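Asks: Before anything else, here's the structure in question.
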Amino acid sequence: MKLSIIIPVYNVEDFLQECLDSVLCLEGEDWEVIAVDDGSTDSSSDILDSYSGHQNVKIIHTPNGGSSAARNRGMSEASGEYVAFIDSDDTVDAGALRSLIDLLDGQDVLAASYMIQDGDGTLHEDRRHILPDGLKCDGPVFIRKYLSRASAVVWRSIWRRELIASISFHEGVRFEDVEWSLMAYHYASLIECRDIPFYYYRLRNGSIMSSHADFRTLSDAMTVCQSLLDSSKDVKDRGIRRVYEIQGLHGAIYTALRSRKSLTKSQKRSFVTFLRKNRTTDFKYAIIRLASIILFSF
């Protein structure tokens, strides 16, 4: 088995069939889909079960534990040499994915470009998501060169299972894939980049990334941020350490801005205090000042 495709599923009845159908257009028999129902309360479970007869599909139902727990469960069931992660409200270009599978040949990570799609499926190209075709490098070079200006997302890459076998997703919090992806990229000896946009990331109302957030969501972002800042202290390379800081702080501040309408002044002060506590560089100090000004100007 060349590739295991892991899809965590939770209350996405409006998009799940489109997601699964896009994957199941994939040619060949060297792949499997592991769809993990994370205790859905809508019709997602029934939709999943309707695919149970497909020879390439494995359906798992679990109590609600969050997308991290669902991904971890999927990884424990995977048998492929490589692993890909797809969010259940997104879609893929099966032909492009097939091309990437055919390129898998010992790389630790095969990182690819991706497209943004609106809720209605309209596609948009954004050059920030384009990778130089054919570039090969190790993890530290990839982090320094590309993740200082782009989010570390788990679904843009195909991962060698042996590389990620000991890296678990942080359960119980959202935004966990940023921390996981940085760790996995960092450990990689060989990353190959391809300008083959196989993944269509959907922006929709109600998703974690597009909806208004609350203090619980912000707390999760702060938890991931703190973990990244703590991890950065053990990184000797200044450029990589800066990326860890950027990824953590960007996620936390972005979430704070989305949360601003629901936060009390006390919660806003708590967040700014959190940033001040972690201030160690002039770069961080500038971000703290910016966040403080913006938060209290609304």
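For the sequence shown, position 93 (counting from the first letter as 1) is numbered 93 according to my numbering, and the numbering increases by one without interruption. All C-beta atoms in this analysis are idealised placements derived from N, C-alpha and C, irrespective of residue type, glycine included. This structure is a prediction, so every number in the text was calculated from the model and none was measured.
1) Any idea if Arg238 is buried or exposed, counting beta-carbon neighbours within 10 angstroms, 16 or more meaning buried?
2) Output the distance between the C-alpha atoms of Val12 and Gly172, rounded to the nearest integer angstrom.
3) Going straight from the alpha carbon of Leu131 to that of Ala69, what length do you get?
4) Give the single residue among Ser113, Ser40 and Gln107 whose Cα lies nearest to the Cα of Ala96.
5) Considering only the alpha carbon of each residue, which of Asp37, Tyr185, His170 and Ser259 lies closest to Ala213?
6) Can you tell me where the beta strand (DSSP E) holding Ile116 begins and where it ends?
7) Quick check on Leu135: does DSSP put it in helix, strand or coil?
8) If distances are taken between C-alpha atoms only, which option among Leu203, Gly28, Val33 and Leu135 comes closest to Asp102?
9) Using a Cβ-Cβ cutoff of less than 6 angstroms, which residues in the same chain neighbour Asp37 once the five nearest sequence positions on both sides are dropped?
10) Quick one: measure Cβ to Cβ for Ser262 and Phe215, integer angstroms, because I've assumed they're closer than 8 angstroms.
11) Residues in the same chain with beta-carbon distance under 6 angstroms from Gly39, minus the five sequence neighbours each way, listed in chain order, please.
12) Please determine, among Lys277, Trp159, Leu249 and Gln117, the residue with the shortest C-alpha to C-alpha distance to Ser79.
13) How big is the Cα-Cα spacing for Ser67 and Ser168?
14) Could you tell me the boundaries of the alpha helix (DSSP H) in which His186 lies?
15) Once you ignore the five residues that flank Gly251 on each side, which residues in its own chain have a CB closer than 7 angstroms to its CB?
16) Mark Ala184 as exposed unless 16 or more other C-beta atoms lie within 10 angstroms of its C-beta, in which case mark it buried.
17) Between Ser210 and Ile196, what straight-line distance do the alpha-carbon atoms span, to the nearest angstrom?
18) What does a CB cutoff of less than 8 angstroms around Leu163 pick up in its chain, not counting 5 residues either side in sequence?
19) Give me, in chain order, the residues of the same chain whose beta-carbon lies closer than 8 angstroms to that of His124; leave out the 5 immediate sequence neighbours on both sides.
20) For the alpha helix (DSSP H) that contains Thr255, what are its first and last residues?
21) What's the C-alpha gap between Ser207 and Arg71?
22) Among Leu24, Asp87 and Asn278, which has the Cα closest to the Cα of Arg156?
23) Using 8 angstroms as the threshold, is the C-beta distance between Leu228 and Leu182 below it?
24) Out of curiosity, what's the CA-to-CA distance linking Thr264 and Ala84?
25) Contact defined as beta carbons within less than 8 angstroms: I believe Ile240 pairs with Arg144. What is the distance between those atoms, to the nearest angstrom?
26) Buried or exposed: which applies to Gly310, given that a residue is buried once 16 or more other Cβ atoms fall within 10 Å of its Cβ?
27) Tell me the DSSP secondary structure of Tyr146 in three-state form.
28) On the criterion of 16 or more Cβ atoms from any shown chain inside 10 Å, does Ala152 qualify as buried, or is it exposed?
29) Run through DSSP, which three-state label would Ile101 get?
30) When you compare only the Cα positions, how much space is there between Ser50 and Leu257?
31) Buried or exposed: which applies to Lys233, given that a residue is buried once 16 or more other Cβ atoms fall within 10 Å of its Cβ?
Replies: Quick answer:
1) Looking at its Cβ environment, which holds fewer than 16 other Cβ atoms inside 10 Å, Arg238 is exposed.
2) Rounded to whole angstroms, Val12 to Gly172 spans 20 angstroms at the Cα level.
3) Distance from the CA atom of Leu131 to the CA atom of Ala69, rounded to whole angstroms, is 30 angstroms.
4) Ser113
5) Checking every option, the nearest Cα to that of Ala213 belongs to Ser259.
6) Ile116 -> beta strand (DSSP E) spans Val109 to Gln117.
7) coil
8) Gly28
9) Cβ neighbours of Asp37 beyond the five flanking positions: Val9, Ser45, Leu48 and His61.
10) About 7 angstroms separates the beta carbons of Ser262 and Phe215, which is inside the 8 angstroms limit, making them a contact pair.
11) Contacts found: Pro63 and Asn64.
12) Trp159
13) The straight-line gap from Cα to Cα measures roughly 12 angstroms.
14) Glu176 to Tyr187
15) Around Gly251: Phe175, Val178, Ala221, Val224 and Cys225.
16) buried
17) Residue placement at Ser210 is poorly supported in this model, since its pLDDT is 44, which falls under 50; the coordinates are not used for a value here.
18) Asp108, Val109, Ala184, Tyr187 and Ala188
19) Met115, Ile116, Gln117 and Asp118
20) Arg238 to Ser259
21) Any reading at Ser207 is ruled out, since the residue's pLDDT is 48, under 50, leaving its predicted position unreliable.
22) Asp87
23) One thing to note: Leu228 has its Cβ within 8 angstroms of the Cβ of Leu182.
24) 39 angstroms
25) 6 angstroms
26) Because the chain is modelled from 1 through 298, residue 310 falls outside the range shown and cannot be assessed.
27) helix
28) Buried, because 16 or more other Cβ atoms sit within 10 Å of the Cβ of Ala152.
29) helix
30) 40 angstroms
31) Lys233 comes out exposed.
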